[in-house]
Amino acid sequence: MDDMTWDHTTDFLVIGSGGGGMTAALVAHDHGARALVVEKSDRFGGSTGMSGGALWVPMNPHMAEVGVSDSRDEALVYLRQVTKGKVSEDRLVAYVDGAAEMVRYLEAKSRVLLAPCPTYPDYYPEYEGGKPGARTIEPRPYSARKLGAHAKELRRSEQGLVLGRMGLTAVEAATLVKFSFVSYLLMLWILVRYWLDIPARLKGKADNRLTLGTSLVGRLRHSLLDRDVPVWLETAAEELVIEDGRVVGAVVSRQGKRLRVRAEKGVLLASGGFERNRAMREQYQRHPVSDVWTAGNPHNVGDGIRLGQSAGGALDLMDDAWWTPVTMIPPDFAWLLVVEKSMPGSIMVNKAGRRFTNEAAPYVDVVNGMYAANDPAAPSIPAYLVFDARYRRSYPVGPLGPSKLQPDSQIGGRLKKAGFLKKASSLKALAEKLGVDAAGLEATVQRFNEQARAGKDTDFGRGESLYDRYYSDPKITPNSCLAPLVEAPFYAIEVFQGDLGTKGGLVTDASARVLGQDGAPVPGLYATGNCSAAVMGNSYPGAGGTIGPAMTFGYIAARHAVGAASKNSTTTVATAAE
Ligand SMILES: Cc1cc2nc3c(=O)[nH]c(=O)nc-3n(C[C@H](O)[C@H](O)[C@H](O)COP(=O)(O)OP(=O)(O)OC[C@H]3O[C@@H](n4cnc5c(N)ncnc54)[C@H](O)[C@@H]3O)c2cc1C
15 MDDMTWDHTT DFLVIGSGGG GMTAALVAHD HGARALVVEK SDRFGGSTGM
65 SGGALWVPMN PHMAEVGVSD SRDEALVYLR QVTKGKVSED RLVAYVDGAA
115 EMVRYLEAKS RVLLAPCPTY PDYYPEYEGG KPGARTIEPR PYSARKLGAH
165 AKELRRSEQG LVLGRMGLTA VEAATLVKFS FVSYLLMLWI LVRYWLDIPA
215 RLKGKADNRL TLGTSLVGRL RHSLLDRDVP VWLETAAEEL VIEDGRVVGA
265 VVSRQGKRLR VRAEKGVLLA SGGFERNRAM REQYQRHPVS DVWTAGNPHN
315 VGDGIRLGQS AGGALDLMDD AWWTPVTMIP PDFAWLLVVE KSMPGSIMVN
365 KAGRRFTNEA APYVDVVNGM YAANDPAAPS IPAYLVFDAR YRRSYPVGPL
415 GPSKLQPDSQ IGGRLKKAGF LKKASSLKAL AEKLGVDAAG LEATVQRFNE
465 QARAGKDTDF GRGESLYDRY YSDPKITPNS CLAPLVEAPF YAIEVFQGDL
515 GTKGGLVTDA SARVLGQDGA PVPGLYATGN CSAAVMGNSY PGAGGTIGPA
565 MTFGYIAARH AVGAASKNST TTVATAAE
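If you want it as structure tokens, here you go:
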């Protein structure tokens, strides 16, 4: 194909505007390359924008601020155990070395500023090299006003907002769920700040204080605006253009018009997973599986994986996902059950009324437990989170506030109509409502209550790991994750095997190059994020274990494509500012 047949020429074409894609475009630009981001939907940010925005970064520069030491050896020892031999050593090394470098780069050169989550432990803190906190970092809040007209193009989610409206950071969320005096002061500040933003309130409900994933992608987008790096919305990559075995560009559909875009230095696939593609899920994953129990971005339907395959890319980990238990908010919103599953006074049971896993374990493990226990004679899909009146009074449940703030009588609209919260005056009556074996549930609760009083879950070890206790109630002793279920009425919600996105995709090397069936790189083609097979293998090392890699391998891919991988200097640097 000669030059005249191209509609647009750039150096580095990035497909997808999540955290990995925007980081890569920024870095390519700073190393003297022309970069272009194409985004299929009418919003930028993808699942990254809808997410908690946390990054898991060993040896990150914020660890020292909170007095947590770390080293390359500790991080590698930890990751080798977590990934169980599934991931090559050179990719683990690339991650450990590249992640902290990427963070230092962004904080020095862009508007991305991060803060430590000092007590958010690794998900397996007891493993050798595991840490009790601070490898997880989160974006500092940002103002949507700084994005000007682009603020309305930001992808947001209902989850992670107070009362579905107000932004809060991960550190603030952990403080709020303690329901201490400080929590109430914080809540008051959140409410007052939100309602005093009168110009914004006159316009609508959207909070101008961006936090979590919205802050991360807002900061990245603003950094691209500083650099005049174009982000074409409503532009889907449809085909890769290959010349003499090298990927040299893509055909995109821009607001309905097909354009050929040449990429002189490379194409990066950063288009997310296939969580919303039912046919692919059914083809590759364990059953039962669905495209509605996911919390991922609706536009992530596996396009990047298909494009990479068309260029000869090999696939791995397609049967896996970043699993997490969810409950469904009618009609089809998957609400992550991160806090609820470990707070004391609740258990998760199957149709036989029996527990089957440590509910407070890392969310990937809870869903693997659901699948493992899913016996036709006593299905654990869906499972039920069962709790008593004290729990309901004290802690949030999905979108519901604790009943001391939001009594059952104030549950309205779609939740009430759909019978979201099941309630009964006895365990037996609750079991009958759920179609769960009543004798089984009563026996389970009796046994669990004895264990809770003793503070030791001899069946599944709930509350033994520091991670289990991150979301727990320190007022409950001797084990802050365990309290007996004794006070009527009793409640339940349904639990499904949801996910944050899929994690299988194109096989890549330590430079984020897509590898073919023969293990050799496909020239000109890179992949990062959930369209690539995860560097974390089948596991999840800590909060931020998906966005950290997506941004790190975006950073690595850009440097490799523009020939900067072995140099340290950059050619163009934009303002580092709030
Ligand atoms: C509620 C929630 C909370 C989460 N919290 C965290 C957290 O705190 N930390 C963490 O590490 N992970 C978290 N995750 C998971 C994390 O958000 C994702 O794993 C990660 O953001 C995926 O990044 P990505 O770049 O691969 O995809 P995305 O961020 O989804 O970006 C992909 C983009 O590509 C676009 N696209 C798709 N196809 C095309 C195409 N053909 N052409 C052009 N564009 C295309 C999509 O529209 C999308 O905008 C969370 C997820 C959810 C849903």
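Counted the way the numbering used here counts, the sequence shown spans residues 15 to 592. We treat Cβ as the ideally placed atom computed from N, Cα and C, and that holds for glycine.
>> By the three-class DSSP mapping on this structure, what secondary structure does residue 280 have?
In response: Three-state DSSP puts residue 280 in a strand.
>> For residue 576 and residue 42, what's the separation of their Cα atoms in angstroms?
In response: Each residue's alpha carbon lies about 7 Å from the other.
>> Which runs of the beta strand (DSSP E) at least 3 residues long sit entirely within the region 511-561? Give them in chain order.
In response: Runs found: 527-529 and 535-541.
>> Quick check on the DSSP output: the beta strand (DSSP E) that includes residue 43 runs from which residue to which?
In response: Premise fails: residue 43 lies in the alpha helix (DSSP H), 33-44, not in any beta strand (DSSP E).
>> I'd like the span of the beta strand (DSSP E) that includes residue 342, first residue to last.
In response: Unbroken beta strand (DSSP E) run through residue 342: 335-343.
>> For a test of your reading of the model: does the CB of residue 562 fall under 7 Å from any non-hydrogen atom of ligand 1? Yes or no.
In response: Yes.
>> Buried or exposed, going by whether 16 or more other CB atoms sit within 10 Å of the CB of residue 195?
In response: Counting the other CB atoms within 10 Å of its CB gives residue 195 a total below 16, which places it among the exposed residues.
>> Determine whether the beta carbon atoms of residue 515 and residue 287 lie at a separation below 8 Å.
In response: Yes; because the gap between Cβ atoms is below 8 Å, this pair is in contact.
>> Comparing C-alpha positions only, which one of 98, 96, 105 and 114 sits nearest to residue 85?
In response: When 98, 96, 105 and 114 are compared, the shortest CA-CA separation from residue 85 is found for 114.
> Whole alpha helix (DSSP H) runs in the region 165-217 with 4 or more residues, listed along the chain?
Replying inline: For secondary structure counted as the alpha helix (DSSP H) over 4 or more consecutive residues, the region 165-217 holds these complete runs in sequence order: 184-190, 195-210 and 212-217.
> Heavy atom of ligand 1 less than 7 Å from the Cβ of residue 412, yes or no?
Replying inline: Outside the cutoff, so no.
> Which term fits residue 213, buried or exposed, when burial requires 16 or more other beta carbons within 10 angstroms of its beta carbon?
Replying inline: So residue 213 ends up on the exposed side.
>> Taking the straight line between their C-alpha atoms, what separation do you get for residue 71 and residue 446?
In response: Going from the Cα of residue 71 to the Cα of residue 446 covers about 47 Å.
> What number of angstroms, rounded off, separates the C-alpha of residue 561 from the C-alpha of residue 222?
Replying inline: One C-alpha to the other measures close to 23 Å.
> How should residue 587 be labelled, buried or exposed, when 16 other C-beta atoms within 10 angstroms of its C-beta is the threshold for buried?
Replying inline: Low local confidence applies: a pLDDT of 36 at residue 587 is under 50, so the model's placement there is unreliable, and no value is given.
> So, helix, strand or coil for residue 133, using DSSP?
Replying inline: The DSSP-derived three-state label of residue 133 is coil.
>> Let me make sure I understand the geometry here. Which of 326, 59 and 138 has the alpha-carbon closest to that of residue 235?
In response: Of the candidates 326, 59 and 138, 59 places its Cα closest to the Cα of residue 235.
> Relative to ligand 1, is the shortest distance from any of its heavy atoms to the C-beta of residue 350 smaller than 7 Å?
Replying inline: For ligand 1, at least one heavy atom lies less than 7 Å from the Cβ of residue 350.
> How long is the line joining the alpha carbons of residue 96 and residue 473, rounded to whole angstroms?
Replying inline: Approximately 23 Å, taken between the alpha carbons.
>> Residues in the same chain with beta-carbon distance under 8 Å from residue 255, minus the five sequence neighbours each way, listed in chain order, please.
In response: 15, 261, 262, 263, 264, 265, 274 and 276.
>> Tell me the residue span of the beta strand (DSSP E) that contains residue 268.
In response: Unbroken beta strand (DSSP E) run through residue 268: 260-268.
>> Just list the residues that DSSP pairs residue 252 with in beta bridges.
In response: Looking at the DSSP assignment, residue 252 forms no beta bridge with any residue, so it has no partner.
> Do residue 49 and residue 243 come within 8 Å of each other at the CB atom, strictly closer than that value?
Replying inline: Remark: C-beta atoms of residue 243 and residue 49 approach each other more closely than 8 Å.
>> On the DSSP bridge list, what partners appear for residue 362?
In response: BP columns for residue 362 point to 399.
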